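Engineer: One structure coming up, written as structure tokens, with questions to follow.
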Amino acid sequence: MPSKNMTFEPNANKDFFSKLNLFVQTHTALMAVIIAAILYIITIIINPKGMNTVAIGNIILLTVILSIPAAGQTMVLISGGMDFSVGAIMSATAVLTTYTMKGENGHFLTVLIISLAIGAFVGFLNGVCCVKIGLPAMIVTMAISNIVTRMQYILTQGVLSGKASPLFSSTVKFKLFGVVPHIVVYALIIWPIVFYLLKRSRFGKQLYMVGNNANAARLNGVRVTKIQVLSYVFSGMLAAFAGMLGAAYMSTARCQIFDDYAYQSLIAVIIGGTTFAGGSGSYEGSIAGSLVMILLSNLLTTLNPTQPVRNVLNAAILILLLVLYNRGKAVRQ
Amino acid sequence: MLEMKGIDKRFGAVVALNKASLTVKEGEVMALAGSNGSGKSTMVKVLAGLVAPNAGEILIDGEKKIIHSGTDSTREGIATAFQDLSLIPTMSVKDNILLGCEIVTKSGMVDEKESRRLVQELLDRFHIDCDPDDYVQTLMPSTQSMLEVAKAVFRKPKILLLDEVTASLHYDEIATLFDIMRELKNEGVSMVYVTHRMNEIFEICDSITIMRSSETVTSGPVSDFTLDDIIFYMTGARPKHSEAKTAAAEDQDDREVVVEVKNISVYPKVKDISMKAYKGEIVGIGGLEGQGQPEVIRSILGAVRPQSGSICYMGKDVRFKDPAAGVKAGIGFISGDRSKEAVFDIRTITENIFAGNSAKESLFAYLSAKKVRKFSEDAVKKYNIKIGKLKDPASSLSGGNQQKLVVARWIAMNPNLLLLDDPTKGVDIHSRQEIHDILRECAANGMTVIIAASDTDELLNISDRVYVFYEGKVAAELSGEFKTSEHLVSAMMGVKEKVQEAE
Numbered sequence: 012m013p014s015k016n017m018t019f020e021p022n023a024n025k026d027f028f029s030k031l032n033l034f035v036q037t038h039t040a041l042m043a044v045i046i047a048a049i050l051y052i053i054t055i056i057i058n059p060k061g062m063n064t065v066a067i068g069n070i071i072l073l074t075v076i077l078s079i080p081a082a083g084q085t086m087v088l089i090s091g092g093m094d095f096s097v098g099a100i101m102s103a104t105a106v107l108t109t110y111t112m113k114g115e116n117g118h119f120l121t122v123l124i125i126s127l128a129i130g131a132f133v134g135f136l137n138g139v140c141c142v143k144i145g146l147p148a149m150i151v152t153m154a155i156s157n158i159v160t161r162m163q164y165i166l167t168q169g170v171l172s173g174k175a176s177p178l179f180s181s182t183v184k185f186k187l188f189g190v191v192p193h194i195v196v197y198a199l200i201i202w203p204i205v206f207y208l209l210k211r212s213r214f215g216k217q218l219y220m221v222g223n224n225a226n227a228a229r230l231n232g233v234r235v236t237k238i239q240v241l242s243y244v245f246s247g248m249l250a251a252f253a254g255m256l257g258a259a260y261m262s263t264a265r266c267q268i269f270d271d272y273a274y275q276s277l278i279a280v281i282i283g284g285t286t287f288a289g290g291s292g293s294y295e296g297s298i299a300g301s302l303v304m305i306l307l308s309n310l311l312t313t314l315n316p317t318q319p320v321r322n323v324l325n326a327a328i329l330i331l332l333l334v335l336y337n338r339g340k341a342v343r344q
Numbered sequence: 076m077l078e079m080k081g082i083d084k085r086f087g088a089v090v091a092l093n094k095a096s097l098t099v100k101e102g103e104v105m106a107l108a109g110s111n112g113s114g115k116s117t118m119v120k121v122l123a124g125l126v127a128p129n130a131g132e133i134l135i136d137g138e139k140k141i142i143h144s145g146t147d148s149t150r151e152g153i154a155t156a157f158q159d160l161s162l163i164p165t166m167s168v169k170d171n172i173l174l175g176c177e178i179v180t181k182s183g184m185v186d187e188k189e190s191r192r193l194v195q196e197l198l199d200r201f202h203i204d205c206d207p208d209d210y211v212q213t214l215m216p217s218t219q220s221m222l223e224v225a226k227a228v229f230r231k232p233k234i235l236l237l238d239e240v241t242a243s244l245h246y247d248e249i250a251t252l253f254d255i256m257r258e259l260k261n262e263g264v265s266m267v268y269v270t271h272r273m274n275e276i277f278e279i280c281d282s283i284t285i286m287r288s289s290e291t292v293t294s295g296p297v298s299d300f301t302l303d304d305i306i307f308y309m310t311g312a313r314p315k316h317s318e319a320k321t322a323a324a325e326d327q328d329d330r331e332v333v334v335e336v337k338n339i340s341v342y343p344k345v346k347d348i349s350m351k352a353y354k355g356e357i358v359g360i361g362g363l364e365g366q367g368q369p370e371v372i373r374s375i376l377g378a379v380r381p382q383s384g385s386i387c388y389m390g391k392d393v394r395f396k397d398p399a400a401g402v403k404a405g406i407g408f409i410s411g412d413r414s415k416e417a418v419f420d421i422r423t424i425t426e427n428i429f430a431g432n433s434a435k436e437s438l439f440a441y442l443s444a445k446k447v448r449k450f451s452e453d454a455v456k457k458y459n460i461k462i463g464k465l466k467d468p469a470s471s472l473s474g475g476n477q478q479k480l481v482v483a484r485w486i487a488m489n490p491n492l493l494l495l496d497d498p499t500k501g502v503d504i505h506s507r508q509e510i511h512d513i514l515r516e517c518a519a520n521g522m523t524v525i526i527a528a529s530d531t532d533e534l535l536n537i538s539d540r541v542y543v544f545y546e547g548k549v550a551a552e553l554s555g556e557f558k559t560s561e562h563l564v565s566a567m568m569g570v571k572e573k574v575q576e577a578e
């Protein structure tokens, strides 16, 4: 056992940084907003023409879409897990949406019910394997995404087929006053539900308890397994719905179209202040984190580098952000 | 040979050792005795290099030595067999024994053949019946303890520290161990032997050092001490050898039995425990560490499933499938192991206080923020918890206040039966007093409280009745005039004096 003596060095400089650090840790959502603002300002400086209604509308639209799988990812991460299958689920329901709608109106409810059922089922499968059986979440959710991906090929034979219904597409893409896309209405339904679950229900309280200290939560009377499995189920359902919206936005959907969202959502959530260790995080942070991801990609598009350079830059910036966040955490503990 | 002088150790505000000292001569077995928390294990850990003392010195053969780490300790010829074992469960018996002192050939390769021969020889000497390639985790707890000692002896130490190694050993194994200890003694090895079993002291030890509340109170040859003397030095009072009778049970008969545990066993610690608690009563559970107290408490809660026996709660036989079921039935649980079992350190004070309520009622119902805040504000005020802001994380509080947080969490839920497992471990005296007052008030209002405590004074102070556990069985039930420190300590040590088991 090392000696527990701590050394205190009265150092004004250090004090400033520790205060800054404390601020960063306690205001993670705000920090993400600040980072987003900086990214946007850089983009505008490089390309002043980038500030137009179409671009802003697209930023809002994409942020809303990413914020939905990020909601599930937030829940799973808070409870101490990780969900890599959100991308595959999104792709699957997107493919299903175009395949079933075939560009005709009137299939929305059918598609919604089937999609949510698929999302819930895959989430449940994830939950059972990770929590009940106790396999590593990263491997399980990746393996299950693989199955979900193959199912898309079985359904469509890998051929681009169908189209989202025009009505459904318009509820996503059309822009109010030419700026605000209609998808905001979906956000106004989904976001409050997520906030309610996380902040105003015992489910949310238990989620944080389980993630912070599963053993204490169990002895306190929380059904830990149930809560963790539920977090995966919600994550699956949210991703399924996001996939439908994505299909409406793109009109057509090839297999694996949204697979990227697994990483995108995970990183958005972490930039928003939710930790891998579980037990902390917030949805407002994840929404801000989604905005950061979209603006980062927007900035890289503006710079217009070749694809490999773009990937390198993307990765480097993300690693920089994650390192900054992890440093904050290490100092506290 | 070995001398420790003026050793001080503080963990924060808690004094673990206060100018403690001990001396061991060459080829001598010295017993280190004392009740729970008296500092015995800390002394051993100082020698093993696991605890850095704040002051004091260690002399070996008259030379001052500095022990900063386990490596230093090994270099000075000290080997330790720990109570909680230093074996790696997922490694084989052979690898565990050779860990850190692998046998190599001239070319620097591991000498597989020689290793195997030496390990087999060691296992034969200790009568350990297992293959060198068996994984440690597959062995019985008693075999593991034996292996722990064998591992220490394999290092050919000059000084061997044995910290409560016989706690889980069987009789024949203890006999083997004692034979080996005698052989080692003849070879000139000095041994420090920590034990709670009094008869072992008289059987194997040459001298004894007794500690009480972090200080060394006395030492000398074992032949100068009687059993009563040892208990006197450990507790500060002489045991009265009076006939203990069933104490004042008459007025209990018409009281409602809230929970009755009948002959439960939980492998491997609990063998056969029966106890009951009446409405509005504070029942204490005493005993040395590891006699099955936590298992019994967790069996009632539903966190542990007993192999046999039954638990009758509120007049019905119950078998809760998990703690959630127990909590639903009106049971609350407060653990003293705050970091592992009670506190949500990165969550806010509000959330920590509300945690009991969070766990209990419907999952998706609306919770008003105001109600939650009021709930925790009231608790903070009522139980005098010293906090900064309600939004601060629980880790910002001192140990005592964290514990009050957990106590408040459950008291506010007003459970029918409150279970506490060593709730004041590492809690300062003032907070401890406050927690006791809260418990007394609750019991007076009809709550039933079952409390296990390692501190004997605390146990006697708070409980109406005390069950003393020894080796997984109830060694004594003390109440009324028999609820004294001497009776408690002798029952804890498994000393069969004239105290009768009360029915």
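Protein sequences, first through last, are from chains A and B.
Start counting the first sequence at 12; every next residue gets the next number (the numbering used here).
Start counting the second sequence at 76; every next residue gets the next number (the numbering used here).
Ideal Cβ positions, reconstructed from N, Cα and C, are used throughout, including at glycine.
Predicted model, so just to flag it, every value in this text is computed and none were measured.
1. Assess contact between the segment 397-413 of chain B and the segment 335-352 of chain B, defined as three or more Cβ pairs (one per stretch) separated by less than 8 Å. Is contact present?
2. Write down the C-beta distance between G362 of chain B and Y545 of chain B rounded to the nearest angstrom, noting that I regard them as a contact closer than 8 Å.
3. Applying the 10 Å Cβ sphere with the 16-neighbour rule, what's the burial state of K115 of chain B?
4. Closer than 8 Å, CB to CB, is S354 of chain A near chain B or not?
5. Buried or exposed, going by whether 16 or more other CB atoms sit within 10 Å of the CB of I204 of chain A?
6. Given a limit of 7 Å on CB to CB distance, which residues of the segment 201-228 of chain A reach chain B?
7. At a CB-CB cut-off below 8 Å, which residues of chain B make contact with R234 of chain A?
8. Using a Cβ-Cβ cutoff of less than 6 Å, which residues in the same chain neighbour I360 of chain B once the five nearest sequence positions on both sides are dropped?
9. Ignoring anything shorter than 4 residues or poking outside the segment 426-475 of chain B, list the alpha helix (DSSP H) runs there in chain order.
10. If contacts are defined as beta-carbon pairs under 8 Å, then A299 of chain A and V44 of chain A qualify, I think. What distance do you get, rounded to the angstrom?
11. Should G81 of chain B be flagged as near chain A, meaning a C-beta pair shorter than 8 Å?
12. According to DSSP, T74 of chain A sits in a beta bridge with which residue or residues?
13. Should L127 of chain A be flagged as near chain B, meaning a C-beta pair shorter than 8 Å?
14. Could you check where the beta strand (DSSP E) with M261 of chain A kicks off and where it finishes?
15. Rounded to the nearest angstrom, what separates I194 of chain A and G390 of chain B at their Cα positions?
16. For Y274 of chain A, which residues does DSSP report across the bridge?
17. Excluding the 5 residues preceding and the 5 following L329 of chain A in the sequence, name in chain order all residues of the same chain whose CB lies nearer than 7 Å to its CB.
18. Rounded to whole angstroms, what is the Cα-Cα separation between G145 of chain B and L125 of chain B?
19. Kindly list the residues whose CB is nearer than 6 Å to the CB of V75 of chain A, restricted to its own chain and excluding five residues on each side of it in sequence; keep chain order.
20. Roughly how many angstroms lie between the CA atoms of L218 of chain A and A225 of chain A, to the nearest whole one?
21. Please report how far the alpha carbon of E364 of chain B lies from the alpha carbon of S529 of chain B, in whole angstroms.
22. Could you compute how far the alpha carbon of L249 of chain A sits from the alpha carbon of A82 of chain A?
23. So that I know if they touch, is there some Cβ in chain A lying closer than 8 Å to that of G131 of chain B?
24. Helix, strand or coil, according to DSSP, for P398 of chain B in the structure here?
25. Contact defined as beta carbons within less than 8 Å: I believe M76 of chain B pairs with Y268 of chain B. What is the distance between those atoms, to the nearest angstrom?
26. Take V179 of chain B and list the residues in its own chain whose beta-carbon comes closer than 8 Å to its own, dropping the five residues that flank it on each side.
27. Whose Cβ in chain A lies nearer than 7 Å to the Cβ of A434 of chain B?
28. Taking 8 Å as the limit between beta carbons, can you name the residues of its chain near L127 of chain A, skipping five residues before and five after?
29. Taking buried to mean at least 16 other C-beta atoms within 10 Å of its own C-beta, is M62 of chain A buried or exposed?
30. Assign H143 of chain B to one of two classes, buried (16 or more other C-beta atoms within 10 Å of its C-beta) or exposed (fewer than that).
31. May I ask which residues mark the beginning and end of the alpha helix (DSSP H) holding M118 of chain B?
32. What's the call for K320 of chain B, buried or exposed, on a 16-neighbour Cβ count within 10 Å?
33. Give, in chain order, every residue of the segment 414-426 of chain B whose Cβ lies closer than 9 Å to some Cβ of chain A.
34. For a test of the three-state rule: what should DSSP assign to I194 of chain A, helix, strand or coil?
35. Taking 8 Å as the CB-CB cut-off, is Y243 of chain A touching chain B?
36. Any chance the segment 300-316 of chain A sits against the segment 280-289 of chain A, with 3 or more Cβ pairs inside 8 Å?
Structural biologist: Considering the structure as presented:
1. no
2. Along the second sequence, read from residue 1 onward, the residue named residue 362 of chain B stands at position 287. Along the second sequence, read from residue 1 onward, the residue named residue 545 of chain B stands at position 470. Indeed, because the Cβ distance is near 6 Å, the residues count as touching under 8 Å.
3. In the second sequence, the residue the question calls residue 115 of chain B occupies position 40. Here K115 of chain B is buried, its C-beta having at least 16 other C-beta atoms within 10 Å.
4. Beyond the ends of chain A as shown, which are 12 and 344, falls residue 354 of chain A; an answer cannot be given.
5. One-based indexing of the first sequence puts residue 204 of chain A at position 193. That one is exposed.
6. R211, S212, R213, F214, K216, Q217, Y219, M220, N223, N224, N226, A227
7. Here residue 234 of chain A refers to the residue found at position 223 of the first sequence. Residues of chain B passing the Cβ test: D397, A399.
8. For the purposes of this step, residue 360 of chain B is taken as residue 285 along the second sequence, with counting starting at 1. Once the five neighbours on either side are set aside, the close Cβ partners of I360 of chain B are Q368, A527, Y542.
9. Entirely contained in the segment 426-475 of chain B, the alpha helix (DSSP H) runs reaching 4 residues are, in chain order, 444-457.
10. The residue you call residue 299 of chain A lines up with position 288 of the first sequence. The residue you call residue 44 of chain A lines up with position 33 of the first sequence. About 5 Å; that satisfies the 8 Å criterion.
11. Against the second sequence, residue 81 of chain B aligns to sequence position 6. Output row for G81 of chain B: interface = no.
12. In the first sequence, the residue the question calls residue 74 of chain A occupies position 63. Beta-bridge partners assigned by DSSP to T74 of chain A: none are found.
13. Locating residue 127 of chain A in the first sequence gives position 116, counting from the first residue. Chain B contact via Cβ: absent.
14. The residue given as residue 261 of chain A occupies position 250 in the first sequence. Not the beta strand (DSSP E): M261 of chain A falls in the alpha helix (DSSP H), residues 235-261.
15. Translated into positions along the first sequence, residue 194 of chain A becomes position 183. Translated into positions along the second sequence, residue 390 of chain B becomes position 315. C-alpha separation (whole angstroms): 58 Å.
16. Mapped onto the first sequence, residue 274 of chain A falls at position 263. DSSP, once it has assigned bridges, lists no residue as partnering Y274 of chain A.
17. The residue given as residue 329 of chain A occupies position 318 in the first sequence. Cβ contact annotation for L329 of chain A (same chain, cutoff 7 Å, sequence separation greater than five): I278, in chain order.
18. Counted from its first residue, the second sequence places residue 145 of chain B at position 70. Counted from its first residue, the second sequence places residue 125 of chain B at position 50. Each residue's Cα considered, the two are about 7 Å apart.
19. Here residue 75 of chain A refers to the residue found at position 64 of the first sequence. For V75 of chain A, where only same-chain residues beyond five positions count, the Cβ hits under 6 Å are I194, A198.
20. Start at 1 with the first residue of the first sequence, and residue 218 of chain A comes out as number 207. Start at 1 with the first residue of the first sequence, and residue 225 of chain A comes out as number 214. Going by C-alpha positions, L218 of chain A is about 10 Å away from A225 of chain A.
21. In the second sequence, the residue the question calls residue 364 of chain B occupies position 289. In the second sequence, the residue the question calls residue 529 of chain B occupies position 454. Cα to Cα, E364 of chain B sits roughly 7 Å from S529 of chain B.
22. Counted from its first residue, the first sequence places residue 249 of chain A at position 238. Counted from its first residue, the first sequence places residue 82 of chain A at position 71. The straight-line gap from Cα to Cα measures roughly 7 Å.
23. Within the second sequence, numbered from 1, the residue matching residue 131 of chain B stands at position 56. No, its Cβ sits nowhere closer than 8 Å to a Cβ of chain A.
24. Taking the second sequence and counting its residues from 1, one reaches residue 398 of chain B at position 323. Three-state DSSP puts P398 of chain B in a helix.
25. The residue you call residue 76 of chain B lines up with position 1 of the second sequence. The residue you call residue 268 of chain B lines up with position 193 of the second sequence. M76 of chain B to Y268 of chain B, Cβ: 15 Å. No contact.
26. The residue you call residue 179 of chain B lines up with position 104 of the second sequence. Same-chain partners within the cutoff: V185, D186.
27. The sequence position of residue 434 of chain B within the second sequence is 359, counting from 1. Within chain A, the residues near A434 of chain B are Q217, N231, G232, V233.
28. Start at 1 with the first residue of the first sequence, and residue 127 of chain A comes out as number 116. Once the five neighbours on either side are set aside, the close Cβ partners of L127 of chain A are M248, A251, F252.
29. Sequence index remark: in the first sequence, residue 62 of chain A carries index 51 (1-based). Here M62 of chain A is exposed, its C-beta having fewer than 16 other C-beta atoms within 10 Å.
30. For the purposes of this step, residue 143 of chain B is taken as residue 68 along the second sequence, with counting starting at 1. Exposed: under 16 other Cβ atoms inside 10 Å.
31. Numbered from its first residue, the second sequence carries residue 118 of chain B at position 43. From DSSP, the alpha helix (DSSP H) with M118 of chain B extends over 115-123.
32. The residue you call residue 320 of chain B lines up with position 245 of the second sequence. With a pLDDT of only 36 at K320 of chain B, under the threshold of 50, the placement of this residue in the model should not be trusted; the figure read from the coordinates follows. Counting other Cβ atoms within 10 Å of its Cβ, K320 of chain B stays below 16 and is therefore classed as exposed.
33. Of all residues in the segment 414-426 of chain B, those with a C-beta nearer than 9 Å to a C-beta of chain A are S414, K415, E416, A417, V418, F419, D420, I421, R422, E426, reading in chain order.
34. The residue labelled residue 194 of chain A in the question sits at position 183 within the first sequence. Helix.
35. Looking up residue 243 of chain A in the first sequence gives position 232. No, no contact with chain B.
36. yes
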